[in-house]
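Read in this note's numbering, the sequence shown has 52 at position 52, and its numbers run on one by one without any break.
Just so you know, even glycine gets a beta-carbon here, dropped at the ideal spot from N, CA and C.
Quantities reported herein were computed from a predicted structural model and do not represent experimental measurements.
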Amino acid sequence: MKSYKVITYEDHRPRGFPKPTRVFYFDVSEYLPTYSVPPAYPREARENGLTGKGLAFVKVNPATGHVTSATMFKSTGHDILDNAALRALRQWRFRPRGITTFEIPIEFTSKGVIY
1 MKSYKVITYE DHRPRGFPKP TRVFYFDVSE YLPTYSVPPA YPREARENGL TGKGLAFVKV
61 NPATGHVTSA TMFKSTGHDI LDNAALRALR QWRFRPRGIT TFEIPIEFTS KGVIY
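Written as structure tokens, this is what we have:
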């Protein structure tokens with residue numbers, strides 16, 4: 001079983017996200033999304049050559065596994081790309097578990113979207 005350290009951003013977390021109480025280890029496969037919509041690369045952004053790498057935070061309802069909110073912790077540098085990422089992430093579903101906040105890196109490149 002692989003385990004990964006959960007890294008929290010104590011001083012830089014978005015408003016409304018809970019203050020971390022501890023760092024712990026877990027098997028990452030238990031926390032992968034059960035349903036994920038890939039972010040759409042907006043036509044306007046692609047035509048204008050906009051690219052960027054960002055980091056999103058999502059809050060998940062522990063009882064249902066549904067995303068209750070999503071916000072960009074680190075912007076891609078372009079609102080149009082940030083909004084496309086957040087639109088997709090709000091549709092994701094996770095297994096109902098105790099962890100309710102996830103960090104999701106997203107990158108818009110000339111070859112497509114990496115998440």
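Same chain only: Cβ atoms within 6 Å of residue i, ignoring 5 sequence neighbours per side
i	result
isoleucine 7	With a pLDDT of 48 at isoleucine 7, under the threshold of 50, the predicted position of this residue should be treated as unreliable, though the coordinate-derived value follows. Nothing meets the Cβ criterion.
isoleucine 80	Pro42 and Ala45
lysine 74	Gly54 and Leu55
aspartate 82	Met72, Ser75 and Thr76
glutamine 91	Val37
Reduced DSSP category for residue i - H, G, I as helix; E, B as strand; rest coil
i	result
alanine 40	coil
arginine 93	strand
leucine 121	As shown, the chain starts at 1 and ends at 115. That puts residue 121 outside it, with no answer to give.
alanine 63	coil
leucine 55	strand
threonine 8	In this prediction, threonine 8 has a pLDDT of 45, which is less than 50 and means its spatial position is unreliable; what the coordinates show is noted afterwards. Here threonine 8 sits in coil by DSSP.
Contact set for residue i: own chain, Cβ-Cβ below 8 Å, skip 5 residues either direction
i	result
lysine 98	The amino acid occupying residue 98 in the given sequence is glycine; lysine does not appear at that position. Excluding sequence neighbours, glycine 98 sits near Pro62.
tyrosine 31	Phe94, Arg95, Arg97, Ile99 and Phe102
glycine 49	Ser110
N-terminal and C-terminal residue of the beta strand (DSSP E) that residue i is part of
i	result
isoleucine 114	112-114
threonine 109	101-109
Residues near residue i in its chain [Cβ-Cβ closer than 7 Å; skip 5 each side]
i	result
arginine 93	Pro33, Thr34, Tyr35, Gly65 and His66
proline 39	Ala84, Ala85, Ala88, Ile106, Val113 and Tyr115
threonine 68	Lys59, Val60 and Asn61
serine 110	Thr51
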